[in-house]
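Just so we're aligned: the sequence shown equals residues 45 to 472 in my numbering. Glycine residues also receive a C-beta, built at the ideal position from the N, C-alpha and C atoms. Here is the structure we will look at.
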Amino acid sequence: MKNNLEHAISKRMNAWFLVWLACFFAITQVQASLGDSLGIRTVVIDPGHGGKDPGCLGKFSHEADVALSISLKLGKMIKTYFGDDVKVIYTRTEDKFVELAERARIANRNKADLFICIHANASANTGSKGTETYVLGLHKSEAQLKVAQRENEVIMVEDNYQTKYQNFNVKDPDAYIGITIMASAFLDQSMAFAAGIQNYVDGTPNVINRGVKQAGFLVLHQVNMPSVLVETGFLTNPEEEKVLNSEEDQFNIAKAIFKAFVDYKNSVDIANGVKVKERGNPDEIISGKKTNTVVKKEEVKTEQPENKEKDQVKKEEIKKEENKENTVVKGPLSAYPYSEEKVVFKVQIRTSSKPIENNPQNFPGLETVDYYQSDGLYKYTYGKSNNFDEAKKWESEVREKGYKGAFVIAFLNGQRIDIHKAKEMANQ
Numbered sequence: 045m046k047n048n049l050e051h052a053i054s055k056r057m058n059a060w061f062l063v064w065l066a067c068f069f070a071i072t073q074v075q076a077s078l079g080d081s082l083g084i085r086t087v088v089i090d091p092g093h094g095g096k097d098p099g100c101l102g103k104f105s106h107e108a109d110v111a112l113s114i115s116l117k118l119g120k121m122i123k124t125y126f127g128d129d130v131k132v133i134y135t136r137t138e139d140k141f142v143e144l145a146e147r148a149r150i151a152n153r154n155k156a157d158l159f160i161c162i163h164a165n166a167s168a169n170t171g172s173k174g175t176e177t178y179v180l181g182l183h184k185s186e187a188q189l190k191v192a193q194r195e196n197e198v199i200m201v202e203d204n205y206q207t208k209y210q211n212f213n214v215k216d217p218d219a220y221i222g223i224t225i226m227a228s229a230f231l232d233q234s235m236a237f238a239a240g241i242q243n244y245v246d247g248t249p250n251v252i253n254r255g256v257k258q259a260g261f262l263v264l265h266q267v268n269m270p271s272v273l274v275e276t277g278f279l280t281n282p283e284e285e286k287v288l289n290s291e292e293d294q295f296n297i298a299k300a301i302f303k304a305f306v307d308y309k310n311s312v313d314i315a316n317g318v319k320v321k322e323r324g325n326p327d328e329i330i331s332g333k334k335t336n337t338v339v340k341k342e343e344v345k346t347e348q349p350e351n352k353e354k355d356q357v358k359k360e361e362i363k364k365e366e367n368k369e370n371t372v373v374k375g376p377l378s379a380y381p382y383s384e385e386k387v388v389f390k391v392q393i394r395t396s397s398k399p400i401e402n403n404p405q406n407f408p409g410l411e412t413v414d415y416y417q418s419d420g421l422y423k424y425t426y427g428k429s430n431n432f433d434e435a436k437k438w439e440s441e442v443r444e445k446g447y448k449g450a451f452v453i454a455f456l457n458g459q460r461i462d463i464h465k466a467k468e469m470a471n472q
């Protein structure tokens, strides 16, 4: 009995030592990431697994192959749209094994401004399906812990992994306390990008939005920049496995991540005083309908260290909301009869992990700002109408005022619903 108690106490002390150690490294890593330039200039795309580590398995496909295919499509879209303005680096471009720690080192050595991991999911429940985006943090459910444990198991096929990862026990929930303290360093930026991905997933054909979640992924813990891990879908679901292996659906999933990247880059650049270039409609350019004049011939890059120091994205300073009322002053009036009992369309303009005070300084150019809460985030909207076309007009107006990531969403009886379903209901 005494030995068991001593073991339990020792185990907890080790966990809290990891917490202290993580706090120390959180401070030093943020300091180390500061440089001379601002904005988003380098992105590292990390296709999960590979080589001797196939990842999770479906009936006819491997996670490593699906992740690589979607990652290459995503990187190509970024290069096509931004040209030489954004350097795209892959942790792998073929079916080879890359150690988990090396993936993070590639991002850190290249002073990346954003780290995007692409994976596919698995579950004992073959009915589970949908896309979810993770940021580093403490899991809120057993299911989220299991996802992190499964993805972290890759370290066990590495040589001398006990030494490399300081005897980290993938199966021990207590081991995740220390590594998730790092979440505070880049949580706001990571959350904002993750929310953007899931917002675009919402309107993607054949894909279900499972939301933004947090868990202790080792690869996210070891990078010195905002980072996300996208579980694109479940290979253990027969229908979704077909979706994940379809060229068209892979393109659409990559496009959802790409469009979130465009919004995120523009918002970070604006916040840091970097002029945002007019590049045209992302959909038309990546589909080849229009040519972006800034594009040059694509050059696929794996790790390529830079001499130039890069600056970490400045953390947006947001005042704590004092007025809990979620509407201010008079806003745009709908030209159509309005009823709360019908489908309501709004324009989402901003997402934050903290409440933002409703005032003209925080939302310049807008008369009315509402908000709703989802996935632990505050999501701010403009206007409300039962007419989709009217909401689309407002979307164009707020984009012209600088809210480049604005898009139309829909509610029914106070609950957000799929935009395609909402349009069908509104037309009935």
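Report yes if the C-beta distance between residue i and residue j is below 8 Å; otherwise report no.
| i | j | result |
| --- | --- | --- |
| I297 | T276 | yes |
| F237 | A304 | yes |
| K286 | I330 | no |
| V263 | D90 | yes |
| V256 | T170 | no |
| K309 | I84 | yes |
| G450 | E439 | Position check: residue 450 holds Ala in this sequence, whereas Gly was assumed. For A450 and E439, yes; Cβs fall inside 8 Å. |
| V452 | K465 | no |
| V306 | Y447 | no |
| A166 | F278 | yes |
| H106 | G99 | yes |
| K467 | F432 | yes |
| G181 | A239 | no |
| V272 | I241 | yes |
What span of residues does the alpha helix (DSSP H) with residue i cover, start to end?
| i | result |
| --- | --- |
| E328 | P326 to I330 |
| R153 | L144 to R153 |
| A304 | E291 to A315 |
| N165 | No alpha helix (DSSP H) holds N165; the beta strand (DSSP E) holding it covers L158 to N165. |
| K286 | P282 to L288 |
| I466 | Looking at the sequence provided, one finds Ala at residue 466 rather than Ile. I463 to N471 is the span of the alpha helix (DSSP H), which, as asked, contains A466. |
Start and end of the beta strand (DSSP E) containing residue i?
| i | result |
| --- | --- |
| K437 | First-last for K437: F432 to E444, but that is the alpha helix (DSSP H), not the beta strand (DSSP E). |
| P91 | T86 to P91 |
| K390 | V388 to S396 |
| E384 | E384 -> no beta strand (DSSP E), and no H or E assigned at all. |
| A168 | From DSSP, A168 is part of no beta strand (DSSP E); its letter is neither H nor E. |
| E176 | T175 to L180 |
| V452 | F451 to L456 |
| K319 | From DSSP, K319 is part of no beta strand (DSSP E); its letter is neither H nor E. |
| K428 | L421 to S429 |
| S418 | D414 to S418 |
Under the assumption that residue i contacts residue j (Cβ atoms under 8 Å), give the Cβ distance between them as a whole number of angstroms.
| i | j | result |
| --- | --- | --- |
| S234 | V179 | 4 Å |
| S396 | Y422 | 5 Å |
| A454 | V413 | Contact flag wrong, Cβ pair sits at about 18 Å. |
| D246 | D462 | 7 Å |
| F295 | I122 | F295 to I122, Cβ: 14 Å. No contact. |
| T86 | K131 | 5 Å |
| K173 | N281 | 4 Å |
| Y416 | R394 | About 12 Å separates the two Cβ atoms, so there is no contact after all. |
| V391 | V442 | 6 Å |
| S418 | R460 | 7 Å |
Comparing the C-beta of residue i with each C-beta of chain C, is any distance below 8 Å?
| i | result |
| --- | --- |
| F126 | Among the chains in the structure shown there is no chain C, since it carries only a single protein chain. |
At least three beta-carbon pairs within less than 8 Å, the stretch 287-295 to the stretch 127-138 = no
Examine the Cβ distances between the stretch 264-273 and the stretch 145-153 and report whether three or more of them are shorter than 8 Å.
-> yes
Contact the stretch 98-114 vs the stretch 161-171: 3+ CB pairs below 8 Å | yes
Entirely enclosed alpha helix (DSSP H) segments - the stretch 222-279, minimum 4 residues | 227-245 and 262-265
Please list the segments of the beta strand (DSSP E) lying wholly inside the stretch 109-145, counting only runs of 3 or more residues, in order along the chain.
-> 131-134
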